[in-house]
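The next block holds one structure in the form of structure tokens; read it before the comments.
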Amino acid sequence: MKHWVIAWRNVVRNRRRSLLSGGIVVFGFTSFALAGGFMAQSFHGLRDSTIRSGLGHLQFAHPSTFDQSEDATLEHGLTNTDVIGAILAKDPAVAVVMPRIEFFGLVTAGARSVPFMGLGVDPAAEALGSDIPASVGQGRWLTSGQREVVLGRGLAQHLNAKVGDTLTLLATTPEGVLNAIDANVAGIADVLVKELSDRYLATTLPLAQELLNVSNVASKISVGLHEPADETNSGQRLLARLLPLSSDISVKRWDELAVFYAQVKMLYIGIFGFMGAILMVVVFLAAINTTLMTVTERTREIGTLRAMGARTDVVVKNFVSEAILLGLAASGAGALLSIAISLALNATGIVLPPPPGSTHGFPIHIQFFPASYLAATLAMTVTLAVAAYFPARRAARAPIVTSLAHV
Amino acid sequence: MNHTPIVSARGLSRRYPLGKATVAALTEADLDVLQTDFLVLQGPSGSGKTTLINLLGLLDSPDTGSILLDGVNAASLSDDARTDARRDRFGFIFQNFNLIPVLTTAENVAYPMVLKHATADAMHKRAQELLAAVGLSDKAGVRPDLLSGGQRQRVAIARALANAPGVIFADEPTANLDTHTADTILDLMQQLNRERGVAFVIATHDPRVITRAGRVVTLRDGRIMETPT
Chain A
710 MKHWVIAWRN
720 VVRNRRRSLL
730 SGGIVVFGFT
740 SFALAGGFMA
750 QSFHGLRDST
760 IRSGLGHLQF
770 AHPSTFDQSE
780 DATLEHGLTN
790 TDVIGAILAK
800 DPAVAVVMPR
810 IEFFGLVTAG
820 ARSVPFMGLG
830 VDPAAEALGS
840 DIPASVGQGR
850 WLTSGQREVV
860 LGRGLAQHLN
870 AKVGDTLTLL
880 ATTPEGVLNA
890 IDANVAGIAD
900 VLVKELSDRY
910 LATTLPLAQE
920 LLNVSNVASK
930 ISVGLHEPAD
940 ETNSGQRLLA
950 RLLPLSSDIS
960 VKRWDELAVF
970 YAQVKMLYIG
980 IFGFMGAILM
990 VVVFLAAINT
1000 TLMTVTERTR
1010 EIGTLRAMGA
1020 RTDVVVKNFV
1030 SEAILLGLAA
1040 SGAGALLSIA
1050 ISLALNATGI
1060 VLPPPPGSTH
1070 GFPIHIQFFP
1080 ASYLAATLAM
1090 TVTLAVAAYF
1100 PARRAARAPI
1110 VTSLAHV
Chain B
390 MNHTPIVSAR
400 GLSRRYPLGK
410 ATVAALTEAD
420 LDVLQTDFLV
430 LQGPSGSGKT
440 TLINLLGLLD
450 SPDTGSILLD
460 GVNAASLSDD
470 ARTDARRDRF
480 GFIFQNFNLI
490 PVLTTAENVA
500 YPMVLKHATA
510 DAMHKRAQEL
520 LAAVGLSDKA
530 GVRPDLLSGG
540 QRQRVAIARA
550 LANAPGVIFA
560 DEPTANLDTH
570 TADTILDLMQ
580 QLNRERGVAF
590 VIATHDPRVI
600 TRAGRVVTLR
610 DGRIMETPT
């Protein structure tokens, strides 16, 4: 006689109660799985957008770049960037090498002058490894060999600049000398973070080097890896190849640099963790209520089992086994419902409000996240088992004659 | 008759709360249940028959007095030990049959053996043998709700015999049965008493049962009035 077979028969026999408890589990599971899928998708999306914001999977720079501010432009710049870039590009794990110069200056259009945060980039590499070129809403992205810039929409508005206008860029060279160049506006980018949009200016690496009067120098080199990326091992391997060139190179993974990502992740985990805890309490209270009714209905059966020689733990085990089976079955139903709701929601194309610091909302997308389904199954089954344990233990410990006399 | 007691009661008293008062259900009861006994506890409702049978079967504990199993006071046993004693030494037959509804007839009969961790093969053989003994071989795979009252009580008797107990306690076993079925059940119990040497202690006020008794103990107002030897 199979213990689990008997437990399943009891689940089926108490159809009304099982449906009630199962319904609660399906609700809890679905909420858990959908929230988990949404959270996973959010993390995945945030990771991708963080990496493709120009950060790359890895960044190579002078060690001081990561922990000190610069008193002068390119004070901690990497030299020999052509050779470094060539070495990095040879590694099979590397998808793109993006040397960048970060600098500050003043941009003038007619009578208006506005400070900017400048970025000198390799246009082709950026087109491969970052989302900035794709964010150009007016005009086009930079072209190598051209004397041109892309402005953030906020900066363009401050300057009242349009595509095709000629601007004058003014910046201080590493030697402290003011230098100026002219450049045309190739495009206007929709930079997601408003504060950055108000100051964003991208130009080609050669033009930035000309403005700063340097050559073969960059602030850092961002590296995009092929997915799935192993940032830690790739970083160490690449660094080992570069160290013979210079000891003044270090590497950081994207997640070590993206403070915002870590903060948003912790915020999401906190919110969803709190909601999950409330959900578990609701499911537990509802489940213990129905289990209590089931146990009460079967009080005489419990008395009979005890009279025949079933120890209290055997009675408890029977009820907990039924709860586990019900939890697993209802979780299966919850999984199917979750998948159906996910597909339906994803098909609606509902756009969520922009997250903090962004100017654009994102279409809702519930990812199929197996870990959240497993966690929901475990959480729901354990909750039902615990909800069954206490009423069953209480009933099993009741006086046998009282249980046998129960009507 | 073998005069070695299987279970003995000495000075058993049991009171139950009734509102703010307490009612004496049983007072100073002394009784020996002997091997191969076919003992009937008779008396009117509220006389203490069920209380005595519950105490003898270790389903309840006395307020004072003792129950002796092979000379050992049951009060000294842990709850698990008392449970094991019920499983190994006693069988129970209830007025309402109390079969497990999700189990088949054969599974109901085998269930006490599950509690004793018997092998599947041993359980199957024993269940078939007992169902044959109570005339229900053809009902092995049937659920209790498809059986008549008499058939259910036969299954209950077979279940009570599963672990070869020394004594079976039956509380009003014929109360829910018609005359013919009750006679058949009593015939079966007497047959099992004779052929298998299992003692029966039956609480009843059914005269048909009393006429078949090997011994009759009369209770009134919680006291044993007569204890014939």
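Going line by line, the protein sequences match chains A and B. Counting from 710, one number per residue, gives the positions in the first sequence under the numbering used here. Counting from 390, one number per residue, gives the positions in the second sequence under the numbering used here. By construction, the Cβ of each residue, glycine as well, lies at the ideal position given by its N, Cα and C atoms. Only a predicted model underlies this, so the values are computations on that prediction, with no experimental measurement involved.
Could you check if residue i belongs to the surroundings of the ligand COA, using beta carbon to heavy atom distance under 7 Å?
i      : result
B:A547 : Ligands in the displayed structure: none, and consequently the ligand COA is not present.
So that I know if they touch, is there some Cβ in chain A lying closer than 8 Å to that of residue i?
i      : result
B:V491 : yes
B:N497 : no
B:N487 : yes
B:L401 : no
B:F589 : no
B:L504 : yes
B:R476 : yes
B:F427 : no
B:Q473 : Per the sequence shown, the amino acid found at residue 473 of chain B is Asp instead of Gln. So yes, B:D473 belongs to the interface.
B:D469 : yes
B:P562 : no
B:P501 : yes
Taking CB distances under 8 Å as the criterion, tell me whether residue i reaches chain B.
i       : result
A:R1103 : no
A:P1110 : Residue 1110 of chain A is actually Val in this sequence, not Pro. Yes, its Cβ sits closer than 8 Å to a Cβ of chain B.
A:R1009 : yes
A:T1013 : yes
For the alpha helix (DSSP H) holding residue i, just list the boundary residues, first then last.
i       : result
A:S1047 : T1021 to T1057
B:K438  : K438 to L445
A:L954  : From DSSP, A:L954 is part of no alpha helix (DSSP H); its letter is neither H nor E.
A:L879  : Where A:L879 is concerned, there is no enclosing alpha helix (DSSP H), although the beta strand (DSSP E) it sits in stretches over T875 to T881.
A:Q750  : R724 to T759
A:R1015 : T1008 to M1017
A:G794  : T790 to K799
A:T1092 : P1079 to R1106
B:Q542  : G538 to A549
Am I right that residue i and residue j are in contact with their C-beta atoms under 8 Å? What's the rounded C-beta distance?
i       : j       : result
A:L1061 : A:F1071 : 5 Å
A:V706  : A:L916  : In this structure chain A extends from 710 to 1116, so residue 706 of chain A is not present and cannot be described.
B:I482  : B:A551  : Incorrect: roughly 12 Å between the Cβ atoms, too far for contact.
A:G1028 : A:V1004 : It is Phe, not Gly, that sits at residue 1028 of chain A in the sequence shown. A:F1028 to A:V1004, Cβ: 7 Å. Contact.
A:A1105 : A:R1015 : 7 Å
A:S844  : A:A898  : 5 Å
B:V498  : B:L577  : That pair is no contact at about 14 Å.
A:V858  : A:T912  : 5 Å
A:L1034 : A:S730  : Not really, about 11 Å apart at Cβ, beyond 8 Å.
Residue range of the beta strand (DSSP E) that residue i falls in?
i       : result
B:A410  : A410 to L423
A:D899  : No beta strand (DSSP E) contains A:D899, which DSSP labels as neither H nor E.
A:D964  : A:D964 -> not in any beta strand (DSSP E); alpha helix (DSSP H) instead, spanning W963 to L966.
B:Y480  : The question names Tyr, yet the displayed sequence has Gly at residue 480 of chain B. Unbroken beta strand (DSSP E) run through B:G480: F479 to I482.
A:G838  : Per DSSP, A:G838 belongs to no beta strand (DSSP E); it is in the alpha helix (DSSP H), P832 to G838.
B:E561  : Neither: B:E561 is in no beta strand (DSSP E) and is coded neither H nor E.
A:A804  : V803 to A818
A:V1116 : Unbroken run through A:V1116: none, as it is neither H nor E.
A:E857  : E857 to G861
B:T607  : R604 to R609
A:K1133 : There is no way to answer for residue 1133 of chain A, as the model of chain A reaches only from 710 to 1116.
Below 8 Å between beta carbons is the criterion; list the residues of the region 1015-1034 of chain A that meet it against any residue of chain B, in chain order. R1015, A1016, M1017, G1018, A1019, R1020, T1021 and V1023
Positions along the region 434-459 of chain B whose CB lies within less than 7 Å of some CB in chain A: N443, L448 and D449
In the region 713-733 of chain A, which residues sit with their C-beta less than 7 Å from some C-beta in chain B, listed in chain order? I715, R718, N719 and R722
Taking one C-beta from the region 1038-1055 of chain A and one from the region 737-745 of chain A each time, how about it: are there three or more such pairs within less than 8 Å? yes
Is there contact here, the region 569-580 of chain B with the region 393-402 of chain B, by at least three beta-carbon pairs under 8 Å? no
Any chance the region 425-445 of chain B sits against the region 593-607 of chain B, with 3 or more Cβ pairs inside 8 Å? yes
Chain B contacts from the region 993-1004 of chain A (Cβ-Cβ distance under 7 Å): none
Is there contact between the region 822-831 of chain A and the region 955-964 of chain A, where contact requires at least three CB pairs shorter than 8 Å? no
Determine contact between the region 776-784 of chain A and the region 937-947 of chain A, defined as no fewer than three beta-carbon pairs at a distance below 8 Å. no
Within 8 Å, do at least three Cβ pairs link the region 1078-1088 of chain A to the region 757-774 of chain A? no
At a cut of 8 Å, does the region 457-474 of chain B reach the region 528-541 of chain B through at least three beta carbon pairs? no
Are the region 1086-1105 of chain A and the region 1035-1044 of chain A touching, with three or more C-beta to C-beta distances below 8 Å? yes
Using 8 Å as the threshold, is the region 442-457 of chain B in touch with the region 982-1001 of chain A, meaning 3 or more CB pairs across them? no
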